[in-house]
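Student: Residue numbers (this note's numbering): 24 to 143.
Have a look at the structure that comes next, please.
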Amino acid sequence: MAKQILIVDDAAFMRMMIKDILSKNGFEVVGEAQDGVEAIEKYKELKPDLVTLDITMPEMDGLAALKELKQLDGDANIIMCSAMGQQAMVIDAIQAGAKDFIVKPFQAERVVEAIQKALD
């Protein structure tokens, strides 16, 4: 069965790009969210195998959402997505329990590699 993934990014274009990469590589995108608050609601509802989580978002940013998701489910597989120059935030995210991070603009091979590694 295909691994189920929740994509969280405030930019619809970025969600579409990740969704496209994942679909072509045999993953099932079960949901999308545009901020941390929505991400937590969708996570509870969908129980995905993995979440891709943007760092910079309105309402609740990716770091806050990551911490809440890890409290909700200590086994949650979460990969952070960041733009260049957000290294400090990425380190915070890894320390808070993120499995990996991928940098925008996305490279398909790197996205797939990070997800497979996090799910193993």
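In this text, a Cβ means the ideal position worked out from N, Cα and C, and glycines have one as well.
Keep in mind it's a predicted model, so treat the numbers as computed, not measured.
In angstroms with no decimal places, state the Cα-to-Cα distance between phenylalanine 36 and lysine 65.
Tutor: The alpha-carbon atoms of phenylalanine 36 and lysine 65 are separated by roughly 19 Å.
Student: Mind pulling the alpha helix (DSSP H) runs of 4 or more residues that sit fully within the segment 33 to 119?
Tutor: 35 to 47, 59 to 69, 85 to 95 and 110 to 118
Student: For aspartate 72, I'd like the list of residues in its chain whose CB is within less than 7 Å of its CB, leaving aside the five on either flank, ordered along the chain.
Tutor: Lys26, Gln27, Ile28, Asn100 and Leu142
Student: Which residue comes first and which comes last in the beta strand (DSSP E) that contains glutamine 27?
Tutor: Where glutamine 27 is concerned, the enclosing beta strand (DSSP E) stretches over 27 to 31.
Student: For isoleucine 125, which beta-bridge partners are listed by DSSP?
Tutor: Cys104
Student: For alanine 115, which option in Lys70, Met40, Ala62 and Ala88 has the closest C-alpha, if you only look at C-alpha atoms?
Tutor: In the sequence on display, residue 115 carries aspartate and not alanine. Minimum Cα distance to aspartate 115 is reached at Ala88.
Student: Could you check what DSSP says for glutamine 130 in three-state terms: helix, strand or coil?
Tutor: coil
Student: Just checking my contact of aspartate 32 with aspartate 77 at CB under 8 Å: how many whole Å lie between their CB atoms?
Tutor: 4 Å
Student: Shortest alpha-carbon distance to glycine 132 belongs to which of Leu95, Ile41, Ile117 and Lys122?
Tutor: Per the sequence presented here, residue 132 reads as glutamate, with glycine not at that position. Per the Cα distances, Ile41.
Student: To which residues of the same chain is methionine 112 closer than 7 Å at the C-beta, ignoring the five residues directly before and after it?
Tutor: Ile78, Leu86 and Ser105
Student: Where does serine 95 land, buried or exposed, given buried means 16+ other C-beta within 10 angstroms?
Tutor: Residue identity differs from the one stated: residue 95 is leucine in this sequence, not serine. Exposed.
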